[in-house]
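Chains as they are written, first to last, in the numbering used here: chain A, 20 to 166; chain B, 20 to 166; chain C, 14 to 95; chain D, 14 to 95. A virtual CB, placed ideally from N, CA and C, is assigned to each residue, including glycine. All values reported here derive from a predicted model rather than from experimental measurement.
Put into structure tokens, the structure is as follows:
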């Protein structure tokens, strides 16, 4: 299990390969990569991500440990960046390894649902017409109910 | 959309990066990689995958096109190998790109469920104690019902 | 003249991957019955229809699907890809 | 003495990321009321409790959670990671 909270860029493909190489017993590997999306208007200049150092590590470790136990994962990985990003930058990634695909998929979705609403990150969009904090979506809160 | 049915090895990380680079509008990228798992006894010597040339391409194109439309995907990728493999070899991969994570996850799971039971591939396990065709699992057939 | 293709253990039991047959069978079920009556190895390969799947011209089909106009018939076990 | 931390627009409205306060408040809700009474900027930042979340010593908590023994209180909007 590896949790990385970092300002630095990561190479999604290299991380995926390194993760896969370490998981000899697993038949199924799922990755999710989140990329800064442009606004509906197409005028995003940058995305800023703020976090709560200390609590972020604790929250992600707790969430990842829960996923490991609940789905008998062979391994899991969470990378989340903070700082200022251009549109189309990879900002986070999770990976899960399990014997069967159902567990790998479920654990990855669980990790994402918790990351969205329970890990202390906040996103701010900087556009040509102004800046604004991204509002939490009701769907994201609702998504937690299924677990 | 890219469908590749090949004997050659593929580099999961390189494929994931190439796929992500082509999808500028998508905020969410999901990959699934299937790896030859050892038997419960730990005595797998090789896995052979047979397929039905011609029909395989048709079936995968149909399945992938359905996924593209149903979840408004920005893109999707299916790679599936055939031939003889050592344990721990990556044998297949799917990737999906969508605006939101829910669509990317659902489409990847849909693709996997159809690949398992509706694409003309057959797996044979060669172990020290003999060889045998992998039996279809009832759970895999049941998984199709949710779509 | 129909092209008949076999895969996985169906291929192994019949002993060849493909062959051409002259038939008047109206459906896949009739074709299977015809072959099974012809030789023991077909009867053995086709003994349990529930463990067989069929494709007509590379599309999955039912055993009672008509063979009219069909050029390629494939018979195989449930698929195990992914 | 409690360490108070603010994030995102809560931080922006209050105008600083952290401060230390001397308080006798028994719960987070009481602490928030105390600060809101003290200065306009707190009252504005804390006006809508439904849009706030709180963590005590880096664990999410409710507004009526007791402050006994707590050293670090963080107040912030709903999280938007991932």
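Sort B:43, B:30 and B:114 by Cα distance to residue 86 of chain B and report the nearest one. Counted from its first residue, the second chain places residue 86 of chain B at position 67. Of the candidates B:43, B:30 and B:114, the one whose C-alpha sits nearest the C-alpha of residue 86 of chain B is B:114.
Please say whether residue 64 of chain A and residue 146 of chain A have beta carbons closer to each other than 8 Å? Walking along the first chain from the start, residue 146 of chain A turns up at place 127. Walking along the first chain from the start, residue 64 of chain A turns up at place 45. Yes; because the gap between Cβ atoms is below 8 Å, this pair is in contact.
Apart from the five residues on each side of it in sequence, which residues of its chain come closer than 6 Å, Cβ to Cβ, to residue 50 of chain B? The residue labelled residue 50 of chain B in the question sits at position 31 within the second chain. Cβ neighbours of residue 50 of chain B beyond the five flanking positions: 35 and 114.
Write down every uninterrupted run of the alpha helix (DSSP H) in the region 17 to 72 of chain D whose length is 4 residues or greater and which is fully enclosed by it, in chain order. 21 to 27, 41 to 51 and 53 to 58
Any C-beta of chain C within less than 8 Å: which residues of the region 82 to 114 of chain B qualify? 99 and 111
Per DSSP, which one or two residues make a beta bridge with residue 61 of chain B? Reading the second chain from its first residue, position 42 is the one you call residue 61 of chain B. Its beta-bridge partners do not exist; DSSP assigns none.
Closer than 8 Å to chain B by CB, residue 182 of chain C: For chain C, the structure presents residues 14 to 95; residue 182 of chain C sits outside this window and is missing.
Leaving out the 5 sequence neighbours to the left and right, which residues in its chain are closer than 8 Å to residue 47 of chain D when beta-carbon positions are compared? On the fourth chain, position 34 is the one that residue 47 of chain D refers to. Same-chain partners within the cutoff: 36 and 38.
Show which residues of chain A have a CB atom less than 8 Å away from the CB atom of residue 87 of chain D. Within the fourth chain, residue 87 of chain D is the residue found at index 74, counting from 1. The answer, in chain order, is 71, 74 and 139.
Just how far apart, CA to CA, sit residue 73 of chain C and residue 89 of chain C? Position 60 of the third chain, counted from the start, is the residue given in the question as residue 73 of chain C. Position 76 of the third chain, counted from the start, is the residue given in the question as residue 89 of chain C. Roughly 11 Å between the two C-alpha positions.
Are any of the Cβ atoms in chain B nearer than 8 Å to that of residue 24 of chain A? Translated into positions along the first chain, residue 24 of chain A becomes position 5. No, because no Cβ of chain B sits closer than 8 Å to the Cβ of residue 24 of chain A.
Would you call the CB atoms of residue 95 of chain A and residue 83 of chain A closer than 8 Å? Here the question's residue 95 of chain A lines up with position 76 in the first chain. Here the question's residue 83 of chain A lines up with position 64 in the first chain. Against a cut-off of 8 Å, the Cβ pair of residue 83 of chain A and residue 95 of chain A comes out as a contact.
Could you give the distance in angstroms between the alpha-carbon of residue 29 of chain C and the alpha-carbon of residue 52 of chain C? As a first step, residue 29 of chain C must be located in the third chain, where it is residue number 16. As a first step, residue 52 of chain C must be located in the third chain, where it is residue number 39. About 14 Å.
Compare the C-beta of residue 78 of chain D against all C-beta atoms of chain A and say whether one is closer than 8 Å. Indexing the fourth chain from 1 puts residue 78 of chain D at position 65. No, because no Cβ of chain A sits closer than 8 Å to the Cβ of residue 78 of chain D.
Is DSSP giving residue 159 of chain B helix, strand or coil here? Taking the second chain and counting its residues from 1, the one referred to as residue 159 of chain B is at position 140. If DSSP states are grouped into helix, strand and coil, residue 159 of chain B belongs with the helices.
Verify the CB distance criterion: does residue 149 of chain B have a CB-CB separation below 8 Å to chain C? Taking the second chain and counting its residues from 1, the one referred to as residue 149 of chain B is at position 130. No, residue 149 of chain B lies away from the interface with chain C (no Cβ there is under 8 Å from its Cβ).
Have a look at residue 16 of chain C and residue 49 of chain C and give me their C-alpha separation to the nearest angstrom. Here residue 16 of chain C corresponds to residue number 3 of the third chain, with the count starting at 1. Here residue 49 of chain C corresponds to residue number 36 of the third chain, with the count starting at 1. Roughly 17 Å between the two C-alpha positions.
Under 7 Å, CB to CB, which of the residues in the region 25 to 44 of chain C have a partner in chain B? none
Any idea if residue 90 of chain B is buried or exposed, counting beta-carbon neighbours within 10 angstroms, 16 or more meaning buried? Within the second chain, residue 90 of chain B is the residue found at index 71, counting from 1. Residue 90 of chain B comes out buried.
If you count every other CB in all the chains shown that lies within 10 Å of the CB of residue 7 of chain D, and 16 or more means buried, which is it? Past the boundaries of the shown model lies residue 7 of chain D; chain D is included only from 14 to 95, so the question cannot be answered.
Entirely enclosed beta strand (DSSP E) segments - the region 29 to 109 of chain B, minimum 3 residues: 47 to 54, 63 to 70, 94 to 100 and 102 to 104
Assess contact between the region 95 to 112 of chain B and the region 40 to 56 of chain B, defined as three or more Cβ pairs (one per stretch) separated by less than 8 Å. Is contact present? yes
For residue 162 of chain A, collect the residues of the same chain with a Cβ closer than 6 Å to its Cβ; drop the 5 residues on either side in sequence, then sort them by chain order. Locating residue 162 of chain A in the first chain gives position 143, counting from the first residue. Result list for residue 162 of chain A: 132, in chain order.
When you compare the CB of residue 59 of chain C with every CB in chain B, is at least one pair closer than 8 Å? In the third chain, the residue the question calls residue 59 of chain C occupies position 46. For residue 59 of chain C, the answer is no, since every Cβ of chain B falls outside 8 Å of its Cβ.
Taking C-beta pairs closer than 8 Å, name the residues in chain B that residue 66 of chain A reaches, listed in chain order. Along the first chain, one-based indexing puts residue 66 of chain A at 47. Within chain B, no residue comes near residue 66 of chain A; the closest Cβ sits about 11 Å away, beyond 8 Å.
Let me make sure I understand the geometry here. Which of D:41, D:58, D:57 and D:92 has the alpha-carbon closest to that of residue 76 of chain D? The count along the fourth chain starts at 1 and reaches residue 76 of chain D at position 63. The shortest Cα separation from residue 76 of chain D among D:41, D:58, D:57 and D:92 belongs to D:41.
At a Cβ threshold of 8 Å, is residue 165 of chain B touching chain A? In the second chain, residue 165 of chain B corresponds to position 146, counting from 1. Judged by the 8 Å Cβ criterion, residue 165 of chain B is not in contact with chain A.
Going along chain D in order, which residues have a C-beta closer than 8 Å to the C-beta of residue 63 of chain A? For the purposes of this step, residue 63 of chain A is taken as residue 44 along the first chain, with counting starting at 1. Under the 8 Å cutoff, chain D gives no residues; its nearest Cβ is about 15 Å from residue 63 of chain A.
Between the region 36 to 53 of chain A and chain D, which residues of the former have a C-beta closer than 7 Å to a C-beta of the latter? 53
Could you work out which residue in C:92, C:95, C:94 and C:86 is closest to residue 34 of chain C when comparing CA atoms only? The residue given as residue 34 of chain C occupies position 21 in the third chain. It is C:86.
Where does residue 224 of chain B fall in DSSP's three states? The structure shown does not extend to residue 224 of chain B, since chain B is modelled only from 20 through 166, so no value can be given for it.
Given this structure, state the Cα-to-Cα distance separating residue 44 of chain B from residue 33 of chain B, to the nearest angstrom. Here the question's residue 44 of chain B lines up with position 25 in the second chain. Here the question's residue 33 of chain B lines up with position 14 in the second chain. One C-alpha to the other measures close to 20 Å.
Between the Cα of residue 48 of chain A and the Cα atoms of A:127, A:151 and A:138, which residue gives the shortest distance? Position 29 of the first chain holds residue 48 of chain A. The candidate whose alpha carbon is nearest that of residue 48 of chain A is A:127.
Write down the C-beta distance between residue 68 of chain A and residue 46 of chain A rounded to the nearest angstrom, noting that I regard them as a contact closer than 8 Å. Along the first chain, one-based indexing puts residue 68 of chain A at 49. Along the first chain, one-based indexing puts residue 46 of chain A at 27. With 8 Å as the limit, residue 68 of chain A and residue 46 of chain A do not qualify as a contact, their Cβ atoms being about 34 Å apart.
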